[in-house]
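Residue numbers (this note's numbering): 139 to 419.
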């Protein structure tokens, strides 16, 4: 038997390795299966909710039917009222999270690179971070009033804590071997940041971003529930005051969906950037 007879024909996959199409189909099948599993609990809750309102287990004045909540959600959207309040809330999150990025990255980099800076800054940072968001609201109202500045400061404080911690830990966890290789190749500061520090800390940074944005969204709803005259949180308060629980639950659905969408968007961005990180090494 000749050598050419033992080799597979060009363009044909070997019996032990799946073809590219088979890999794509397997990946698609796994995604569909995971998506189906993720929908099981929401569908079960929705079914139980519908059964409770249909059979009168709970009064509809306390627990509106799913169909009523959906029709209210559509009505609020068509009237433009829901989008107006949601856009105000998203704007507050954007401003607060932007401030948190600047503060968190600056503190995290300083404490990650310098033991001296950590000795000066970390005790105060830890003490401030231990005070919950609700504890800062009365003081901030006295200092800056009840306007937009107070809301943005609350959001920035909530988001800056995980960003700072994850940035610091990401820098501290850079393998020493990477830094030694950078010294051997005589990297300048720009090369050191772009080729070593940033790619190495990227997973930790994105953990901080995701937790920070989640905290920002949660603190926004909290502060709007307590001290606001507009926004998605205020719309929930308005619905509760008028005892329109369908409005309250419609806003709850919007808050949950927006929070999930933000987290999924960050996951997609992180996946793409981690591909770049592997290429950078």
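Think of the CB as a built atom: it goes at the ideal place given N, C-alpha and C, for glycine as much as any other residue.
Does the Cβ-Cβ distance between residue i and residue j come in under 8 Å?
i	j	result
residue 237	residue 296	no
residue 377	residue 227	no
residue 255	residue 248	yes
residue 202	residue 383	yes
residue 279	residue 358	no
residue 344	residue 333	no
residue 412	residue 341	yes
residue 275	residue 361	yes
residue 190	residue 196	yes
residue 204	residue 187	yes
residue 308	residue 339	yes
residue 335	residue 312	yes
residue 368	residue 168	no
residue 375	residue 363	yes
Return the first residue and the last residue of the alpha helix (DSSP H) that residue i is part of.
i	result
residue 362	336-364
residue 324	Premise fails: residue 324 is in no alpha helix (DSSP H) and is neither H nor E.
residue 368	Note, residue 368: premise wrong, no alpha helix (DSSP H); not H, not E.
residue 300	286-310
residue 123	Nothing about residue 123 can be read from this structure; the chain reaches only from 139 to 419.
Please return the same chain residues whose Cβ sits closer than 6 Å to the Cβ of residue i, not counting the five positions on each side in sequence.
i	result
residue 299	267
residue 246	302, 305, 306
residue 211	388
residue 348	404
Return the chain-ordered list of same chain residues with a C-beta closer than 8 Å to the C-beta of residue i, the five sequence neighbours on each side being excluded.
i	result
residue 282	288, 291
residue 225	none
residue 199	381, 383
Cα separation between residue i and residue j?
i	j	result
residue 314	residue 320	10 Å
residue 151	residue 160	Low local confidence applies: a pLDDT of 45 at residue 151 is under 50, so the model's placement there is unreliable, with the coordinate-based value given in what follows. Computed Cα separation, rounded: 11 Å.
residue 408	residue 373	33 Å
residue 393	residue 366	16 Å
residue 310	residue 230	32 Å
residue 252	residue 243	14 Å
residue 418	residue 178	Since pLDDT at residue 418 reaches only 48, below the 50 mark, its modelled position is unreliable, and the value read off the structure follows with that caveat. Cα-Cα distance, rounded: 40 Å.
residue 317	residue 328	14 Å
residue 331	residue 269	33 Å
residue 395	residue 401	10 Å
residue 386	residue 235	26 Å
residue 206	residue 192	12 Å
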